[in-house]
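Step one of this worksheet: look at the structure below.
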Amino acid sequence: MQAFAHSLEARFRDHLTIEQYAVDVGISAAYLNALRRKLGGQSVLQMINERLVLDAKRSLMYTTKTINQISDSLGFSEPAYFSRLFKRCTGSPPKNFRLRR
Numbered sequence: 003m004q005a006f007a008h009s010l011e012a013r014f015r016d017h018l019t020i021e022q023y024a025v026d027v028g029i030s031a032a033y034l035n036a037l038r039r040k041l042g043g044q045s046v047l048q049m050i051n052e053r054l055v056l057d058a059k060r061s062l063m064y065t066t067k068t069i070n071q072i073s074d075s076l077g078f079s080e081p082a083y084f085s086r087l088f089k090r091c092t093g094s095p096p097k098n099f100r101l102r103r
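All the letters of the sequence shown, read from the start, carry residue numbers 3 to 103 under our numbering.
This is how it looks when you write it as structure tokens:
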């Protein structure tokens, strides 16, 4: 799991598939997901999304970047997709999150 965590930290902005992360650590995608669920109580996809949202929260709180700039810096092709993911994970859109902080 440490190898996966290092790979995720280094490449989360690249939006790799679970299969690509599994290849990075030398196991199957199904096994990686099963290990992640057993050890961390969440899927690999949830962990990837949480890492993206954590970086987004930091940018929203500590920079003056626009939502579009943050979306681009995180590797999203569309700001709308970024906003939907952010809202799904946090319960509020990025703009509201920033205003509350």
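Think of the CB as a built atom: it goes at the ideal place given N, C-alpha and C, for glycine as much as any other residue.
Judged by DSSP secondary structure, T92 falls within the alpha helix (DSSP H) whose first and last residues are 81–92. Comparing C-alpha distances from L87 to each of Q48, T68, R102 shows the shortest one belongs to Q48. Within its own chain, the residues whose Cβ lies closer than 7 Å to the Cβ of R39, once the five positions on either side in sequence are excluded, are S45, listed in chain order. L10 and R60 do not touch by the CB rule: their CB atoms are close to 16 Å apart, not below 8 Å. Restricting attention to V27, Y23, H8, K97, the CA atom closest to the CA of M63 is found in K97.
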